[in-house]
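Colleague: Residue 43 in my numbering sits at position 62 of the sequence shown, with consecutive numbering throughout. Quick reminder that beta carbons are idealized off the backbone N, C-alpha and C, glycines included. If you're wondering where the values come from, they're calculated on a predicted model, not measured in any experiment.
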Amino acid sequence: MEIIELPLKDIRKNPYQPRQTFDDDKLEDLKNSILIHGVMQPITVRKSVKGYTLVAGERRLRASMRAGLEKIPAIITGMSDKEMMELAIIENLQREDLSALEEAESYRELMTKAELTQDELSQRLGKSRSYIANMLRLLNLPAAVKQAMNEQKLSSAHGRTLLSLKDPLLMEQVAEEAIKENMSVRSLEAYVKTFDKKRKIKKTGKKLKFLQGYENQLKEHYGTNVEIKKVKNKGMIQLEFTSQEEFERILAMLQKK
């Protein structure tokens, strides 16, 4: 594997980079380290029409620019657009400061753009399918709860507990109470169970066990909420999507042979 020195001015940023913001203090620390020790690990690039396109190592590239370097050690690869996109997302997943929601968004993005099922994604990343399914479920939380998680007022475990309430408005109300009372995950679980029992409006009738089983399988496979409705010999399967990207991902999976 050959490492060569490339001019920074000839390197274009990765258009598939999912990360849009970089911690300024950490970039400054990396810049200072580079000024003392140099770039310890080469970046990865591929040849383009005008110079090179970055594949991996954007923090090192940005910090080197801050340090005023003219050249940077690099490895040239012949990756395709799809491989570049996958590597950029996977590299993003390896960040230490990645939040649970950012991780979930990266999973969904990888599934959408690479047209992967949850099974294929779990094999690709070496994580269990149940872990990925649980992370993806967090994306079904209402915006207010997601914001509270981003502000570290609630953990991902709090978020998963709130999902059992089903009703988005109810999730927001219970989340506010959990923050106000500084509830632990265990306390919230107990509160949710009690609250559920006290609800005045309850769904009538129980869904047949075999239908519930199919619903759970489809939820895991498609990474979204699924509801099966059956009346006599007819029925309907509903798949929920919360964005255009998610719609296109589900559609691609449905059309995939």
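In angstroms, rounded to a whole number, what distance separates the CA positions of residue 45 and residue 20?
Modeller: 8 angstroms
Colleague: Where are the alpha helix (DSSP H) runs, 4 residues long or more, that stay fully inside the segment 103 to 131, in chain order?
Modeller: 110 to 118, 124 to 131
Colleague: Counting along the chain, where does the beta strand (DSSP E) carrying residue 239 start and finish?
Modeller: Outside the shown range of the chain, which is -18 to 238, sits residue 239, and nothing can be said about it.
Colleague: CB-CB under 7 angstroms to residue 51, same chain, minus the five flanking residues each way: which ones, in chain order?
Modeller: -12, -11
Colleague: What does the alpha-carbon distance come out to for the pair residue 31 and residue -7?
Modeller: Cα to Cα, residue 31 sits roughly 9 angstroms from residue -7.
Colleague: Would you kindly work out how many angstroms separate the C-alpha atoms of residue 48 and residue 107, rounded to a whole number?
Modeller: 36 angstroms
Colleague: Quick one: residues in its chain with C-beta nearer than 8 angstroms to the C-beta of residue -14, no 5 flanking neighbours on either side, listed in chain order?
Modeller: Only 52, 53, 54, 55 meet the Cβ criterion.
Colleague: Under the rule that 16 or more other beta-carbon atoms within 10 Å means buried, what is residue 224, buried or exposed?
Modeller: exposed
Colleague: Output the distance between the C-alpha atoms of residue 168 and residue 78, rounded to the nearest integer angstrom.
Modeller: 27 angstroms
Colleague: Roughly how many angstroms separate the alpha carbons of residue 184 and residue 100, rounded to a whole number?
Modeller: Residue placement at residue 184 is flagged as unreliable, the pLDDT there being 45, under the threshold of 50; the coordinate-derived value follows with that caveat. Cα-Cα distance, rounded: 32 angstroms.
Colleague: Closer than 7 angstroms by C-beta to residue 254: which residues in its own chain qualify, once you throw out the five before and the five after it? Chain order, please.
Modeller: Look at the range of the chain in this structure, -18 to 238, and you will see that residue 254 is not part of it.
Colleague: Does the segment 53 to 72 come within contact of the segment 33 to 41, defined as at least 3 CB pairs closer than 8 angstroms?
Modeller: yes
Colleague: Could you tell me the alpha carbon to alpha carbon distance between residue 24 and residue 121, rounded to whole angstroms?
Modeller: 36 angstroms
Colleague: Beta-carbon separation of residue 159 and residue 119 under 8 angstroms?
Modeller: no
Colleague: Please state the DSSP three-state secondary structure of residue -4.
Modeller: Residue -4 sits in coil when the DSSP states are folded into three classes, being neither helix nor strand.
Colleague: Count the other CB atoms within 10 Å of the CB of residue 65; is the residue buried (16 or more) or exposed (fewer)?
Modeller: It counts as buried.
Colleague: Give me the Cβ distance between residue 115 and residue 80, rounded to the nearest whole Å; I'm assuming they're in contact under 8 angstroms.
Modeller: In fact, because the Cβ distance is near 15 angstroms, the residues do not count as touching under 8 angstroms.
Colleague: Helix, strand or coil: which one does DSSP assign to residue 207?
Modeller: strand
Colleague: May I ask whether a heavy atom of the ligand GDP can be found less than 7 angstroms away from the beta carbon of residue 61?
Modeller: In the structure shown, the ligand GDP is absent, as is every other ligand, since no ligand is present at all.
Colleague: At the level of alpha carbons, what is the spacing between residue 187 and residue 196?
Modeller: Unreliable positioning characterises residue 187 in this predicted model, as indicated by a pLDDT of 49, which lies under 50. A coordinate reading is not provided.
Colleague: How long is the line joining the alpha carbons of residue 68 and residue 137, rounded to whole angstroms?
Modeller: 25 angstroms
Colleague: Determine which residues share a DSSP beta bridge with residue 26 and list them.
Modeller: In the DSSP assignment, residue 26 is bridged to 35, 57.
Colleague: Which stretch, first to last residue, makes up the beta strand (DSSP E) that contains residue -13?
Modeller: -16 to -12
Colleague: Considering Cα atoms alone, identify which of 147, 154, 139, 157 is closest to residue 170.
Modeller: 139
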